[in-house]
Amino acid sequence: MSRTLRVFPRVLPLFLLLLALLAASVQAADQKAPKEGVLLVAFGTSVPEALPSFKAVDVSFKAAFPDTPVVWSYTSQIIRKKLAKQGKPVGGISDGLAALAKAGVKVVRVQSLHVMPGEEFTELERAVLLDIQKHPGRFEAVYLGRPLLESHKDALSVAKAVLADMGGKRRKGEAVVLMGHGQAHGRADLVFEGTRATFKESDPLVFMATVEGARGIDDLLAELKAHKIKKVWLQPLMVVAGDHARNDLAGDEEDSWASKLKAAGFKVEANLKGLGEVPGVRDLFVDHARQNVDDLTKEPKKQ
């Protein structure tokens with residue numbers, strides 16, 4: 020027998036061991052590569068005092084999806100341009116999807132940070148679909164997470180979280196006034212009314228109105244007077260306590276809600292905390308991201 024044949028039986032186990040180690044190394048590398056990513060989509064804000072809400076949401080998502088890229092997108096071009104001039108750029112939806120693709124992501128969870136499914140959410144969905152059409156095959160799946168408030172269960176969860184977060188500030192008989200955004204043409208009005216009714220199930224002294232929707236400040240004033248309320252707590256029903264919360268809701272101008280309420284004889288306190296700062300609300304956004312099964316790269320399944 021040749022020397023090569025005599026050595027081969029001794030070398031073979033070592034060779035197989037090296038192959039196994041190499042395969043394990045490749046497999047480990049594949050496991051570490053980011054296969055799934057999260058795209059958080061919000062209208063955006065340029066108000067520094069509002070940023071704690073977004074930062075808290077970011078922390079919650081990174082904790083819920085460890086070792087997963089979490090990218091932000093703002094839908095407002097005005098806010099994106101303003102932030103870019105300040106040297107604090109935040110991209111749009113196509114930018115966010117491109118960043119996830121560059122990171123090697125194959126499955127994307129797009130999570131809307133809108134409160135209700137109005138015009139902004141519709142535009143978000145359309146923008147994601149257009150980007151998918153421009154880049155076919157870039158992702159294996161793109162799941163779209165729904166806004167915060169769509170179901171009765173959602174509204175009960177948010178009501179519980181918001182009221183609990185006020186802690187011991189509010190006393191018996193004091194009302195909570197929540198400012199929603201709303202839209203002038205009526206989208207989300209019915210969702211808002213359903214949410215309003217559900218909040219009252221949790222607490223009959225919770226009152227709601229919108230900046231632009233069908234139920235405005237005049238309706239709110241009439242309702243508070245009918246209930247003989249003495250003191251109200253103002254709280255934004257918005258993810259961030261930005262411009263609307265600080266000016267339209269609690270500002271010193273004559274046309275702010277706070278000023279109008281004071282002029283009508285109510286005592287007023289403001290709790291300027293965005294919904295993103297409320298732990299229970301963040302948990303619900305995370306649940307929506309985890310539970311969504313609406314893959315925009317596929318045709319809807321026929322039932």
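Each residue of the sequence shown is one higher than the one before, counting from 20 in the working numbering. Every residue gets a Cβ at the ideal spot worked out from N, C-alpha and C, and that includes glycine.
Count the other CB atoms, across all protein chains shown, that sit within 10 Å of the CB of residue i; report buried if there are 16 or more and exposed otherwise.
{"i": "His133", "result": "buried"}
{"i": "Ala47", "result": "With a pLDDT of 49 at Ala47, under the threshold of 50, the modelled position of this residue cannot be trusted, and the question is left open."}
{"i": "Glu139", "result": "buried"}
{"i": "Val60", "result": "buried"}
{"i": "Ile97", "result": "exposed"}
{"i": "Thr64", "result": "buried"}
{"i": "Gly137", "result": "buried"}
{"i": "Ala52", "result": "With a pLDDT of only 43 at Ala52, under the threshold of 50, the placement of this residue in the model should not be trusted; the figure read from the coordinates follows. Under this definition Ala52 is an exposed residue."}
{"i": "Phe27", "result": "Unreliable positioning characterises Phe27 in this predicted model, as indicated by a pLDDT of 49, which lies under 50. A coordinate reading is not provided."}
{"i": "Thr141", "result": "exposed"}
{"i": "Gln254", "result": "buried"}
{"i": "Ala277", "result": "buried"}
{"i": "Ala216", "result": "exposed"}
{"i": "Leu149", "result": "exposed"}
{"i": "Asp173", "result": "buried"}
{"i": "Val109", "result": "buried"}
{"i": "Arg145", "result": "exposed"}
{"i": "Gly269", "result": "Residue identity differs from the one stated: residue 269 is Ala in this sequence, not Gly. With 16 or more other Cβ atoms within 10 Å, it is buried."}
Let me know the secondary structure DSSP gives residue i once reduced to three states.
{"i": "Gly299", "result": "helix"}
{"i": "Pro85", "result": "coil"}
{"i": "Leu253", "result": "strand"}
{"i": "Phe304", "result": "helix"}
{"i": "Ser176", "result": "helix"}
{"i": "Pro319", "result": "coil"}
{"i": "Asp222", "result": "coil"}
{"i": "Gly199", "result": "strand"}
{"i": "Val134", "result": "coil"}
{"i": "Ser72", "result": "helix"}
{"i": "Asp271", "result": "coil"}
{"i": "Val230", "result": "coil"}
{"i": "Asp262", "result": "helix"}
{"i": "Ala207", "result": "coil"}
{"i": "Gln310", "result": "helix"}
{"i": "Val90", "result": "strand"}
{"i": "Glu169", "result": "coil"}
Output the boundary residues of the beta strand (DSSP E) element that contains residue i.
{"i": "Lys286", "result": "Lys286 to Ala289"}
{"i": "Leu163", "result": "Ala160 to Gly164"}
{"i": "Arg128", "result": "Val126 to Ser131"}
Below 8 Å between beta carbons: does that hold for residue i and residue j?
{"i": "Arg165", "j": "His307", "result": "yes"}
{"i": "Leu143", "j": "Thr94", "result": "yes"}
{"i": "Ala207", "j": "Gly213", "result": "no"}
{"i": "Leu294", "j": "Val287", "result": "no"}
{"i": "Asp274", "j": "Val230", "result": "no"}
{"i": "Trp252", "j": "Arg189", "result": "yes"}
{"i": "Leu163", "j": "Asn311", "result": "yes"}
{"i": "Met185", "j": "Asn290", "result": "yes"}
{"i": "Leu256", "j": "Met227", "result": "yes"}
{"i": "Val297", "j": "Phe80", "result": "no"}
{"i": "Ile151", "j": "Leu315", "result": "yes"}
{"i": "Arg157", "j": "Glu55", "result": "no"}
{"i": "Val161", "j": "Val147", "result": "yes"}
{"i": "Phe285", "j": "Leu239", "result": "no"}
{"i": "Leu385", "j": "Leu303", "result": "Outside the modelled stretch of the chain, which goes from 20 to 322, sits residue 385, for which no answer is possible."}
{"i": "Gly261", "j": "Val66", "result": "yes"}
{"i": "Arg265", "j": "Glu68", "result": "yes"}
Where does the unbroken alpha helix (DSSP H) through residue i begin, and where does it stop?
{"i": "Arg189", "result": "Looking at the DSSP string, Arg189 is not in any alpha helix (DSSP H), and its letter there is neither H nor E."}
{"i": "Ser278", "result": "Trp276 to Ala282"}
{"i": "Arg99", "result": "Gln96 to Lys104"}
{"i": "Phe62", "result": "Where Phe62 is concerned, there is no enclosing alpha helix (DSSP H), given that its DSSP letter is neither H nor E."}
{"i": "Thr141", "result": "Glu138 to Lys153"}
{"i": "Ala117", "result": "Ile112 to Lys121"}
{"i": "Lys244", "result": "Ile236 to Ala245"}
Taking 7 Å as the cut-off, does the CB of residue i come closer than this to any heavy atom belonging to the ligand FMN?
{"i": "Met227", "result": "No copy of the ligand FMN appears in this structure; indeed no ligand is present at all."}
So residue i and residue j are supposed to be a Cβ contact under 8 Å. How far apart are they, rounded?
{"i": "Phe73", "j": "Val259", "result": "7 Å"}
{"i": "Val195", "j": "Val225", "result": "5 Å"}
{"i": "Gly232", "j": "Phe211", "result": "6 Å"}
{"i": "Pro3", "j": "Val126", "result": "This structure gives no information on residue 3, because the portion of the chain shown stretches from 20 to 322."}
{"i": "Glu318", "j": "Lys250", "result": "Glu318 to Lys250, Cβ: 54 Å. No contact."}
{"i": "Lys179", "j": "Ser221", "result": "6 Å"}
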